[in-house]
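Structure first, commentary second.
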Amino acid sequence: METATQGSTRNDQRGNIQDKDKGKRRFVRRNSRIHGKGVFARMLIPAGMRLMEYKGERITDKQSEVLYADTTHTFLFMLDSTMVIDGGQNGNTSRWINHSCEPNCEANEEADRVYIDALRNIADGEEITIDYNLYLEERHTAKLKREYACGCGKRRCRGTLLASKR
Ligand SMILES: [Zn+2]
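The opening residue of the sequence shown carries number 127 in this note's numbering; numbering runs sequentially from there.
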């Protein structure tokens with residue numbers, strides 16, 4: 127298994143810290159008030175910490191369209207290239223991270239890999255969120271925005287997981 131390095135703390139992608147806090151998981155999957163299952167901090171996570179990698183099979187845009195033609199419920203992460211990470215195949219806990227319009231984490235792409243990094247300090251027990259900022263080729267119509275409705279409940283919720291069109 128690949129490892130990510132954050133400061134002096136080495137950690138694997140299941141959230142295990144390998145040195146002084148050995149065996150203590152930093153996050154856990156459980157039911158979310160936002161949507162279905164979510165990922166929750168199990169300890170204070172400091173701003174800037176790299177939490178995990180978004181894992182999954184690499185497939186092309188076209189393959190994802192064929193595989194998931196009939197559903198909007200997928201674990202796809204679009205890369206800057208035409209490739210997509212499918213967290214539904216060989217993915218890890220990160221595929222359960224919910225969207226929020228005011229997220230506490232962000233996804234950073236580095237050399238075709240995606241990492242989840244904390245934007246601010248996250249309290250023990252707080253749900254871990256990122257802004258999906260979904261961008262679809264088709265027009266972001268009102269109907270489409272409703273299909274991708276947001277339930278984050280934040281004051282500045284934009285109502286949809288879709289990005290504002292550029
Ligand atoms: Zn929202």
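We put the CB at the ideal spot given by N, CA and C, even for glycine.
This one's a predicted model, so the numbers in the text were calculated from it and none came from an experiment.
Burial state of residue i, where buried means 16 or more other Cβ atoms lie within 10 Å
i      : result
Lys148 : Bear in mind that a pLDDT of 49 at Lys148, under 50, signals an unreliable position, so the number given afterwards is only what the model happens to contain. Label assigned to Lys148: exposed.
Ser226 : buried
Glu179 : buried
Thr208 : exposed
Ser220 : buried
Lys280 : exposed
Tyr258 : buried
Gly162 : exposed
Arg272 : exposed
Asp212 : buried
Thr286 : buried
Tyr261 : exposed
Val240 : buried
Val192 : exposed
Within 8 Å, strictly: CB atoms of residue i and residue j
i      : j      : result
Phe166 : Ile223 : no
Glu235 : Leu205 : yes
Glu228 : Arg282 : yes
Thr198 : Tyr274 : yes
When the options are compared against residue i, the one with the closest alpha-carbon
i      : options                           : result
Ile256 : Arg151, Leu193, Arg265 and Leu288 : Leu288
Arg159 : Gly251, Ala268 and His266         : Gly251
Leu177 : Arg184, Phe153 and Ala195         : Phe153
Leu170 : Ala244, Glu273, Glu264 and Lys163 : Ala244
Arg246 : Cys231, Gly213, Asn259 and Leu202 : Cys231
Met175 : Asp196, Ala249, Thr197 and Arg155 : Ala249
Lys188 : Ala233, Leu202 and Gly182         : Leu202
Gly182 : Ala268, Glu273 and Gln215         : Gln215
His266 : Ser290, Cys278 and Gly277         : Ser290
Boundaries of the beta strand (DSSP E) in which residue i is found, first to last residue
i      : result
Asn268 : Going by the sequence as given, residue 268 is Ala instead of Asn. That residue, Ala268, is in no beta strand (DSSP E); its alpha helix (DSSP H) goes Ala268 to Glu273.
Thr255 : Glu253 to Ile256
Asp212 : Met209 to Asp212
Cys231 : Cys231 to Glu236
Asn157 : Phe153 to Asn157
Residue i, enclosing alpha helix (DSSP H) - first and last residue
i      : result
Leu193 : Asp187 to Leu193
8 Å Cβ cutoff, residue i in contact with chain C
i      : result
Met175 : The question asks about chain C, but that chain is absent: this structure has only one protein chain.
Ligand 1 site residues, beta-carbon cut 5 Å against heavy atoms: Cys227, Cys276, Cys278 and Cys283
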